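Below is one structure; the comments refer to it alone.
Residue numbers (UniProt numbering): 1 to 362.
Written out as structure tokens, the structure is:
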């Protein structure tokens, strides 16, 4: 994709140079790194440590406050998303030669998390069959006119939320990480054979991966909002939007970074002794932004999905309920059930008194 953009946009004497751009190894890179780049790398290391600590806290909450084993196992994928992605970003800053490969790993993990969320949606609703029965009872429909992918498909009617229809859209979501993994394996194989990425195959591979990603995103946009309408207490739609926004922003900033690198809009990050290619310099800033994004996502998730605010943590609610019951027993207060029964007895007494008064008057 970078080569296609270069040939389309770049004009000038140096644009005809298609020789392979040299990227230094880690030892050369550490010796030639600039001061502001070193400060950025230090900040990225600090953010990586914070994200890992917050993720450990999230893992403790999930492992100790959720009773359902299947829900725990699926949430582990989502909880581990920030540390995995931030490690890919920080490592890409330290190892410029591995930055593109780490970018692919991060993108594949995003896609896997999207599919795991679709499976988690079925689990929280009991099963796919149970979810479809609830949606049918509420009169919900599956709309394929999803902005911005297919909002112009006005000639198609909405689908019934049946198991078969849900399964079809789940296949669209699941194909995205599978296709991406296969393409990356082929990319590594071709690169080892050619020792260069300046080949038309890589442009075709990137285009196919982008189409596959759009198809997977479309499938998730169709079914997740429908199924999440039954899971408001879990804040499930917010969780999906966070993961989806991370995937979208990561893909867009990679494209913008490559474009800025082609136009030489990226500030130099090394001394004059070693000149990094513009694409590698752009990738350095992209990896730094990735660390910033994962820190923001970790803080947001810590605030929005506290055990007291989210129905995922059923053990926390049970502990609070038992604690309130113990306090009532110690203080001699009346529980809600006893209060309701007392109110009903009081109403019965009032009715009996009214009957007695009416008899006396007669």
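Glycine included, C-beta positions come from ideal geometry on N, C-alpha and C.
Predicted, not measured: the structure shown is a model, and the values here were computed from it.
Item to complete: Give me whichever residues DSSP pairs with residue 159 in a beta bridge.
Response: 142
Item to complete: Let me know the secondary structure DSSP gives residue 277 once reduced to three states.
Response: coil
Worksheet item: Taking all protein chains shown into account, do 16 or more other C-beta atoms lie within 10 angstroms of the C-beta of residue 252, making it buried, or fewer, making it exposed?
Response: exposed
Worksheet item: Among the residues of its own chain, which have a CB less than 8 Å from the CB of residue 106, if the five just before and after it don't count?
Response: Cβ neighbours of residue 106 within its own chain (closer than 8 Å, five residues either side excluded): 84, 85, 88, 89, 250 and 290.
Discussion item. Could you tell me the alpha carbon to alpha carbon distance between residue 128 and residue 164, rounded to whole angstroms?
Written reply: 10 Å
Worksheet item: Got a sec, what are the start and stop residues for the alpha helix (DSSP H) residue 250 sits in?
Response: 236–262
Worksheet item: Can the beta-carbon of residue 183 be found closer than 7 Å to that of residue 217?
Response: no
Practice prompt. Starting from residue 306, follow the alpha helix (DSSP H) in both directions and report where the run begins and ends.
Written response: Taken as a continuous stretch (DSSP letters only), residue 306 belongs to no alpha helix (DSSP H), as it is neither H nor E.
Worksheet item: Within this structure, are the beta carbons of residue 372 and residue 82 separated by less than 7 Å?
Response: Because the chain here runs from 1 to 362, residue 372 falls outside it and cannot be looked at.
Discussion item. By the DSSP assignment, the alpha helix (DSSP H) with residue 72 in it spans what residues?
Written reply: Taken as a continuous stretch (DSSP letters only), the alpha helix (DSSP H) holding residue 72 covers 69–79.
Discussion item. Please identify the residue among 321, 132, 317 and 261 whose C-alpha is closest to the C-alpha of residue 228.
Written reply: Nearest option by C-alpha distance: 132.
Worksheet item: From residue 28 to residue 39, what does the alpha carbon distance come to, in whole angstroms?
Response: 18 Å
Discussion item. So, with DSSP's three-state summary, where would you put residue 227?
Written reply: helix
Practice prompt. Measure the CB-CB distance between residue 310 and residue 241 and report whether it falls below 7 Å.
Written response: no
Worksheet item: Would you call the segment 253–267 and the segment 55–69 touching, i.e. three or more CB-CB distances under 8 Å?
Response: no
Worksheet item: Among residues of its own chain, excluding the 5 on either side of residue 104, which ones have a beta-carbon nearer than 6 Å to its beta-carbon?
Response: Spatial neighbours of residue 104 in its own chain (CB-CB distance under 6 Å, excluding positions within 5 residues in sequence) are listed in chain order as 184.
Worksheet item: Of the choices 262, 298 and 299, whose alpha-carbon is the least far from that of residue 282?
Response: 262
Discussion item. Rounded to the nearest angstrom, what separates residue 299 and residue 146 at their Cα positions?
Written reply: Approximately 30 Å, taken between the alpha carbons.
Worksheet entry | With 16 other Cβ atoms within 10 Å as the buried cut-off, status of residue 247 | Counting C-beta atoms within 10 angstroms of its own C-beta, residue 247 has 16 or more neighbours from the protein chains shown and is therefore classed as buried.
Discussion item. Less than 8 Å between C-beta atoms, sequence neighbours within five positions excluded: which residues of the same chain meet that for residue 140?
Written reply: Contacts found: 161, 226 and 229.
Item to complete: Give me the Cα-Cα distance between residue 79 and residue 308, rounded to the nearest whole angstrom.
Response: Rounded to whole angstroms, the separation of the alpha carbons of residue 308 and residue 79 is 18 Å.
Worksheet item: Can you list, in chain order, the residues of its chain whose CB lies under 6 Å from that of residue 209, leaving out five sequence neighbours each side?
Response: These residues qualify, in order along the chain: 180 and 183.
Discussion item. Contact defined as beta carbons within less than 8 Å: I believe residue 287 pairs with residue 30. What is the distance between those atoms, to the nearest angstrom?
Written reply: Not confirmed; about 15 Å, so no contact.
Worksheet item: Going by alpha carbons, who is nearest to residue 144 out of 35, 224 and 124?
Response: Residue 224 holds the alpha-carbon nearest to the alpha-carbon of residue 144 among 35, 224 and 124.
Discussion item. So residue 176 and residue 111 are supposed to be a Cβ contact under 8 Å. How far apart are they, rounded?
Written reply: 5 Å
Worksheet item: Where does the unbroken alpha helix (DSSP H) through residue 110 begin, and where does it stop?
Response: 99–124
Item to complete: State the Cα-Cα distance for the pair residue 122 and residue 294, rounded to the nearest angstrom.
Response: 27 Å
Worksheet item: Between 68, 113 and 72, which lies nearest to residue 59 when the distance is taken from Cα to Cα?
Response: 72
Worksheet item: Which value, in whole angstroms, describes the spacing of the CA atoms of residue 48 and residue 42?
Response: Their Cα atoms are separated by approximately 10 Å.
Worksheet item: Quick one: is residue 222 buried, meaning 16 or more other Cβ sit within 10 Å of its Cβ, or exposed?
Response: buried
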